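Residue numbers (the working numbering): 323 to 727.
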């Protein structure tokens, strides 16, 4: 049995009405498409292929590889994910949508709202700004628990804003995911009495399926012999639209599991994600995982965000470079301080050999750092010199004001 697939602009008003029919089977399956034009355009109603009857939503994604693909999510998988989220939190609630609805994290806010019988508050169109989040938060009634879902960059901006901090405290749970959240950022949020819940998952698992490092009900987590994270359970996607080749290498085993590209550590049911296997930097013959280094760098005073990449180097093969976004008015940390801290905490092979300051990290999707683009920025910023004692500034990076004695 097949059902038609219809493209719908990823505007919450358009998606909410169509989602009900997609989930209960009375309407076509939906593929949210980024809304780039006037209301009612961007491919609304464009015909698509037939999909299996079980499929409710097809979510376009490039994952972390940049390769476009369409993920088939069944109504059963979406319901399983939403139900597991409610059981882990405080039951059905009212949501604020602060993420794009054509990505799975934003779409799940709508799905959870539909299944809970509530209407989400939606931020005003445009780039994310704390005042818009504060205004949307103020519209939520207090008859049910209040929830929202953010990426780390949004969390940083809200914590830097007094009204944003007050708004965050009003939530029964603030989900944060889409990218690794630095321990220093988590500590900062919790010091402000924000009820933060870290999430790990992907489009192929109907969104987050591991909360605060523990699997949701009905989700299985394991590691293969290479240390890659395996995820299973009712939340898994049916596969990829028209890509049986990807299905065969991504979804394996019996019972069926998703073989992710992430390396992990599993201790008594607690999952620690160490980063993507293909993000590992080989420098001087040593393997350097960026995630532990980034966690240390995020603890440095004045550092808002950190990304660690490898750039080609004739001597080392790859040079470890720290790319930093600073808080307003902050001075860049000295390279010697960066190297000393990382050496003490992670090891000398992981110590960056250059620091590059940028105004912001390039992103692919909501909150996902585009490491390839960061690598190009780092290579361009450091190509003119092999000096490893200088902090480099990419174009547009702010120069902090100097204090006067």
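From the three backbone atoms N, C-alpha and C, an ideal C-beta is built for every residue, glycine too.
Keep in mind it's a predicted model, so treat the numbers as computed, not measured.
Taking C-alpha positions only, residue 604 is separated from residue 550 by approximately 18 Å. Under the Cβ criterion (8 Å, minimum of three pairs), the region 420-430 counts as touching the region 522-530. In the three-state reduction of the DSSP assignment, residue 408 falls in the helix class. When Cβ pairs closer than 8 Å are counted between the two stretches, the region 394-414 is seen to touch the region 460-480, the count reaching three or more. Just measuring C-alpha positions, the residue of 640, 636, 703 sitting nearest residue 646 is 703. For residue 583, same chain residues with a beta-carbon under 6 Å away, outside a window of 5 residues either side, are 598, 599 in chain order. Looking from the CA of residue 561, the closest CA among 407, 463, 701, 374 belongs to 374. Fewer than three pairs of CB atoms, one per stretch, sit closer than 8 Å, so the region 631-638 makes no contact with the region 660-668. Shown here, residue 430 sits in a helix according to DSSP, grouped into three states. Put simply, of 346, 435, 481, 325 the residue whose alpha carbon is nearest the alpha carbon of residue 398 is 346. Put simply, the backbone Cα of residue 447 is about 14 Å away from that of residue 331. Between residue 442 and residue 338, the CB-CB gap stays under 9 Å. Note on residue 396: 16 or more other CB atoms within 10 angstroms of its CB, so buried under the neighbour-count rule. Going by C-alpha positions, residue 611 is about 13 Å away from residue 693. Under the DSSP assignment, residue 483 falls outside any beta strand (DSSP E); it carries neither an H nor an E label.
Taking all protein chains shown into account, residue 435 has 16 or more neighbouring C-beta atoms within 10 Å of its C-beta and is therefore buried. For residue 510, the CB contacts under 8 Å within the same chain, skipping 5 residues up- and downstream, are 481 in chain order. Ranked by how close their Cα comes to the Cα of residue 628, the residues 666, 569, 681, 639 have 681 in first place. Per DSSP, the beta-bridge partners of residue 324 are 374. Fully contained in the region 555-615 are the following beta strand (DSSP E) runs of length 3 or more, in chain order: 579-589, 592-598, 603-605, 608-610. Assigned with DSSP and collapsed to three states, residue 668 falls in coil, not helix or strand. With contact defined as three or more Cβ pairs closer than 8 Å, the region 495-505 and the region 513-521 are in contact. If you draw a straight line from the Cα of residue 516 to the Cα of residue 576, it is about 40 Å long.
The beta carbon of residue 625 is closer than 8 Å to those of 619, 646, 647, 648, 649, 652, 655 in its chain, skipping five residues each way along the sequence.
Assignment of residue 683 by DSSP, reduced to helix, strand and coil, places it in the coil class. With a cutoff of 9 Å on beta-carbon distance, residue 591 and residue 543 are scored as near each other. In the DSSP secondary-structure assignment, residue 640 is bridged to 634. In the DSSP annotation of this structure, the continuous segment of the alpha helix (DSSP H) that includes residue 704 starts and ends at 693-704. The criterion of a C-beta distance shorter than 9 Å is not satisfied by residue 343 and residue 474. Judged by DSSP secondary structure, residue 468 falls within the beta strand (DSSP E) whose first and last residues are 468-472. At least 9 Å separates the beta-carbon of residue 552 from that of residue 585. Cβ atoms of residue 557 and residue 403 come within 8 Å of each other, at about 5 Å. The straight-line gap separating the alpha-carbon atoms of residue 533 and residue 671 is approximately 32 Å. For residue 445, no beta strand (DSSP E) encloses it, and the DSSP letter there is neither H nor E. With fewer than 16 other Cβ atoms from the protein chains shown falling within 10 Å of its own Cβ, residue 372 counts as exposed. 609 is the residue among 685, 636, 622, 609 whose C-alpha sits nearest the C-alpha of residue 669.
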